[in-house]
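Going by this note's numbering, the letters in the sequence shown line up with residues 19 to 92, in that order. Notes follow the structure.
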Amino acid sequence: MSELNFIPKKQFMEEFGITRHTFRVWKDERQLPTITIGYRTFIPKEPLMEWLKQYESNMTETKTEEFQWKNIFQ
């Protein structure tokens, strides 16, 4: 196992700008792929890319909806 193929949980949360609570929700409810080694949690890169493809259209729709609401209130 090369560390290059895994993203540490803390780095993942920072890059996505999410809290521990959101991470837990994504892991439990959206089946975010994780691997726990001892007390540390990692996200494997290849399964993560597949997971992101699954939710990519949902993320795009949400951004569009938020943008439209912002225009209404300006």
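For every residue, glycine included, the Cβ atom is placed at its ideal position computed from N, Cα and C.
query: Can you tell me whether Arg58 is helix, strand or coil according to DSSP?; result: strand
query: Within 10 angstroms of the Cβ of Phe34, are there 16 or more other Cβ atoms? Answer buried if so, exposed if not.; result: exposed
query: For the beta strand (DSSP E) holding Pro26, just list the boundary residues, first then last.; result: Phe24 to Pro26
query: Whole angstroms is fine: what's the gap from Ile61's alpha carbon to Asp46's?; result: 14 Å
query: Could you compute how far the alpha carbon of Ile53 sits from the alpha carbon of Glu74?; result: 22 Å
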